[in-house]
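A quick write-up on the structure given underneath.
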Amino acid sequence: MLTIAGSDSGGGSGLQADLRTFAAQSVHGVCALTVVSSQNTEEFRSALAIPAPVVRSQIEAVLDDFDVKVAKTGLLYSEENIRLISEMADVGLLPPLVVDPVIVNRHGEPLYEASTIELIRRDLIPKALVITPNHLEAMHLLGTELDEDIEALSDAALRLAAMGPTVVVLTGGRRAAPTMIDVGAYNGEVVLLEVERCSTNNVRGTGDTFSAAIAGGL
C-alpha cells in the first residue's frame, strides 16, 4: 500500500496518519513524501514542497521492490506534483488510486489557487478509482455552492462521479447534525452511509485516516 502525501510534524494527519491506518489494518505501508510541513494541533506554520523528480524517485523505488496493490494521494501541494501523479497514472505506472483531494485546510481555507484546483479537477480526479472529498472540497471541485441536505449531496456525488472516478464518497463530517451521512456514488447509483456522530477531541487527520482505510481495505 503506497501513500503519496505530506508529512505532518504534529503526527496527526498526512503521511503519518496514513501509515498508522495501514498498520491497524495489517497492511504494510510504503510512502512517497510530497511536502514537509511545520504544524501542530493549533496552527500550520510553514511548508516546503518536495520537487517532483524526487517524488517520482521515491515512487519508483518502492514500486520496483514492493508488490503495491493500491496507492492513495493526500496533499500533493504543488502543480508539478499534481501533474506528475496524473501523468504516471495515465500511462499505467501507478496502481489503482484512491484520491483524497485535500483542497482545503482544517479551517476550511483553500490551499490552492483556482487554477490549481482546476488542474486537480481536470487531470487527477478522472484517474482515480475512488475519491473522498468533504463538503467544502466538493464545492471547489464543482465550482458551486452546495447545500447540506441529502438531495443536494446526492446530486453532487453523481456530478463528481461524472468527472471520471469509478467511486465517489462525499464525506459528511462537517454537517451540524446528530448523525453523519456519507454519500457514495457508483455506476449511476447513490448509497447513503449513516452513523451517529462520535463525540471526540481526536479530530486531526480524519480525512486522511478515512481515505487510507478505504485504500487499505482494497
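The opening residue of the sequence shown carries number -6 in this note's numbering; numbering runs sequentially from there.
Cβ atoms here follow ideal geometry from the backbone N, Cα and C, with glycine treated the same way.
Note that the structure is a prediction, hence the values are computed from the model and not measured.
Drop a sphere of 10 angstroms on the beta-carbon of residue i, count the other beta-carbons inside from all chains shown, and report buried for 16 or more, exposed for fewer.
i, result
"residue -4", "buried"
"residue 126", "buried"
"residue 74", "buried"
"residue 184", "exposed"
"residue 188", "exposed"
"residue 21", "exposed"
"residue 27", "buried"
"residue 0", "buried"
"residue 107", "exposed"
In this structure, what does DSSP give as the bridge partners for residue i?
i, result
"residue 179", "160 and 182"
"residue 174", "187"
"residue 51", "Per DSSP, none; premise fails for residue 51."
"residue 65", "-4 and 91"
"residue 97", "103"
"residue 118", "Bridge partners of residue 118: none, in fact."
"residue 123", "91 and 160"
In whole angstroms, what is the alpha-carbon distance linking residue i and residue j?
i, j, result
"residue 211", "residue 95", "21 angstroms"
"residue 80", "residue 38", "31 angstroms"
"residue 115", "residue 76", "10 angstroms"
"residue 100", "residue 200", "13 angstroms"
"residue 25", "residue 36", "24 angstroms"
"residue 118", "residue 163", "13 angstroms"
"residue 69", "residue 113", "10 angstroms"
"residue 53", "residue 78", "12 angstroms"
"residue 7", "residue 41", "14 angstroms"
"residue 105", "residue 202", "22 angstroms"
"residue 174", "residue 192", "15 angstroms"
"residue 49", "residue 2", "22 angstroms"
"residue 172", "residue 139", "19 angstroms"
"residue 131", "residue 86", "27 angstroms"
"residue 45", "residue 72", "9 angstroms"
"residue 33", "residue 10", "14 angstroms"
What are the boundary residues of the alpha helix (DSSP H) that residue i is part of?
i, result
"residue 109", "107 to 112"
"residue 17", "7 to 17"
"residue 143", "143 to 154"
"residue 203", "199 to 210"
"residue 83", "72 to 83"
Quick one: measure Cβ to Cβ for residue i and residue j, integer angstroms, because I've assumed they're closer than 8 angstroms.
i, j, result
"residue 121", "residue 88", "Actually they are not in contact, since the Cβ atoms of residue 121 and residue 88 sit about 12 angstroms apart, beyond 8 angstroms."
"residue 181", "residue 150", "The pair is not a contact, with the Cβ atoms about 11 angstroms apart (cut-off 8 angstroms)."
"residue 124", "residue 161", "6 angstroms"
"residue 97", "residue 129", "5 angstroms"
"residue 240", "residue 93", "The displayed coordinates of the chain run from -6 to 211. Any statement about residue 240 would go beyond what the structure contains."
"residue 59", "residue 23", "6 angstroms"
Assuming residue i is part of the beta strand (DSSP E), what are its boundary residues?
i, result
"residue 1", "-5 to 1"
"residue 139", "Looking at the DSSP string, residue 139 is not in any beta strand (DSSP E), and its letter there is neither H nor E."
"residue 25", "23 to 32"
"residue 38", "37 to 42"
For chain B, is any of its Cβ atoms less than 8 angstroms away from the one on residue i?
i, result
"residue 143", "This model lacks chain B altogether; it includes just one protein chain."
I'd like to confirm something about residue i: is its beta-carbon nearer than 7 angstroms to some heavy atom of the ligand HEM, or not?
i, result
"residue -3", "Ligands in the displayed structure: none, and consequently the ligand HEM is not present."
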